[in-house]
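Reading through the structure tokens given below for one structure.
Right under this line is the structure:
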């Protein structure tokens, strides 16, 4: 027997799935329902799991902006051990910022 919080969580997950593009709804809805139903076994609150699903559904609808320029290089070199490459990106980024301030 499911509790009232589990039923509320299942309703929230259904609403969250409606916010997704049509091609993704069924897959996410099935996965989220299973997560909500199994939450108590893992010691989690089903409403907390449902709120996570709502947050993900909100993010999936936003357009993704790909990083370009120095930001893309910095993200790629984030875990680099090549100190010279990291310093070069930092210098380029600072020069670009200074040029924008002058213009």
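Residue numbers (this note's numbering): 3 to 105. Virtual Cβ for every residue (Gly too), placed ideally from N, Cα, C.
In the same chain as residue 7, and ignoring 5 residues on each side of it, the C-beta atoms closer than 8 Å to its own belong to 47, 48 and 49, in chain order. Between residue 54 and residue 21, the gap from beta carbon to beta carbon reaches 8 Å or more. In this structure, the CA atom of residue 14 is about 17 Å from the CA atom of residue 24.
Residue 12 is a Cβ neighbour of residue 35, given a cutoff of 8 Å. In this structure, residue 18 lies away from residue 51, with their beta-carbon atoms at least 8 Å apart.
DSSP places residue 22 outside both helix and strand once states are collapsed to three, so it counts as coil.
Secondary structure at residue 60: helix, using DSSP grouped into helix, strand and coil.
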